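S.K.: The following block contains the structure, expressed as structure tokens.
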Amino acid sequence: MATIIPWKRRARVSDEDFERMLRPHLQAMYRLAWRLLRNRADAEDLVQEVVMRLCDRRDELVAVESLRPWLMRVLYNRFVDEQRRRGRQVPLFEGQPDEEVLDQVADEGPDPQALLQRMQDTEALQAALDALPEIHRQVLILHDVEGYTLKEVAGITDAPVGTLKSRLNRARSALKQKLSETMEPFAFARRVGK
15 MATIIPWKRR ARVSDEDFER MLRPHLQAMY RLAWRLLRNR ADAEDLVQEV
65 VMRLCDRRDE LVAVESLRPW LMRVLYNRFV DEQRRRGRQV PLFEGQPDEE
115 VLDQVADEGP DPQALLQRMQ DTEALQAALD ALPEIHRQVL ILHDVEGYTL
165 KEVAGITDAP VGTLKSRLNR ARSALKQKLS ETMEPFAFAR RVGK
């Protein structure tokens, strides 16, 4: 959990220092924003908005002990605020994914059949993720996809670790159930056996 040390608040942060502090975390911030919004432009806008807000309060950043989890919490809170303002929930996957995701899939190998199967598996996984309640989907993404510990996820989402463990377990169980219903049986074993 990020804590603020009051006696450090008065430190002055130059533009260069501000950039040096944030630069190592920008890619992680973008990844989280993209996973929450599933749209490149919206994710970039969210990260830019957070950075602009932090720029006005850059002197306070020196006082933050654990910067990365704190930044993720600021970004997550800004996302939640924006969703409340809009009065709707953003599905994780609207229409076709951004081209960069498809490019990553296409780079996996030259076999068109394997590419097709991979794209179908990705679509099935995304549909299963979309079917999860948002509170379960968010903890699953933060923990299993982004790699945050449950303690860090608790700091980001402001939820108790015990609650997050329960949500994560339910999300995994529901995801497993959805995938077993939608994916072709033994498809994974057939691909591995080739």
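The sequence shown maps to residues 15 to 208 in this note's numbering. Backbone N, C-alpha and C define an ideal beta-carbon position, used for all residues, glycine too. Small disclaimer: the values here were computed from a predicted structure and weren't measured.
1. Taking the continuous alpha helix (DSSP H) assigned at Asp158, which residues delimit it?
2. Does the contact criterion of 3 or more C-beta pairs under 8 Å hold for the region 87-96 versus the region 40-55?
3. My guess is that Leu193 and Ala138 are in contact by the Cβ rule of under 8 Å, so how many angstroms apart are they, rounded?
4. Taking the alpha helix (DSSP H) that Gly169 falls in, what are its first and last residues?
5. Could you tell me the distance, in whole angstroms, from the CA atom of Glu30 to the CA atom of Leu189?
6. Please tell me whether Arg181 and Val153 are closer than 7 Å, where the distance is taken between their beta carbons.
7. Between which two residues does the alpha helix (DSSP H) carrying Leu50 extend?
8. Taking the C-alpha atoms as reference points, what is the distance between Pro147 and Arg186?
9. Check for me: the alpha helix (DSSP H) holding Leu68 runs from which residue to which?
10. Would Gln103 be called buried (16 or more neighbouring beta carbons within 10 Å of its own) or exposed?
11. Please report the residue range of the alpha helix (DSSP H) in which Leu146 lies.
12. Can you say whether Glu166 is buried or exposed, counting buried as having 16 or more other CB atoms within 10 angstroms of its CB?
13. According to the neighbour-count rule (16 or more other Cβ atoms, all chains shown, within 10 Å of its Cβ), is Ala55 buried or exposed?
14. Mapping the DSSP letters down to three states, classify Pro83 as helix, strand or coil.
15. Evaluate Gly176 with the Cβ neighbour count: other Cβ atoms within 10 Å of its Cβ, from every protein chain shown; 16 or more gives buried, anything less gives exposed.
16. Please look up how many angstroms separate the CB atoms of Tyr162 and Ile170, rounded, as I've assumed it's under 8 Å.
M.R.: Based on what the coordinates show:
1. Unbroken run through Asp158: none, as it is neither H nor E.
2. Segment contact: the region 87-96 against the region 40-55, three or more CB-CB distances shorter than 8 Å; contact assigned.
3. Indeed they touch by this definition, with Cβ atoms about 6 Å apart.
4. Per DSSP, the continuous alpha helix (DSSP H) segment holding Gly169 begins and ends at 164-171.
5. If I take the Cα positions, the gap works out to 44 Å.
6. With contacts defined by Cβ atoms closer than 7 Å, Arg181 and Val153 form a contacting pair.
7. In the DSSP assignment, Leu50 falls within the alpha helix (DSSP H) that extends over 29-51.
8. Between the C-alpha atoms of Pro147 and Arg186 there is a straight-line separation of about 12 Å.
9. Segment 54-70, the alpha helix (DSSP H) holding Leu68.
10. Low confidence applies to Gln103: its pLDDT is 49, below 50, so where it sits in the model is not reliable enough to give any reading.
11. Bounds of any alpha helix (DSSP H) do not take in Leu146, whose DSSP letter is neither H nor E.
12. Residue environment: Glu166 is assigned as buried (16 or more neighbouring CB atoms within 10 Å of its CB, all protein chains considered).
13. The residue in question, Ala55, is exposed, as its Cβ has fewer than 16 Cβ neighbours within 10 Å.
14. It is helical.
15. Exposed.
16. Indeed they touch by this definition, with Cβ atoms about 7 Å apart.
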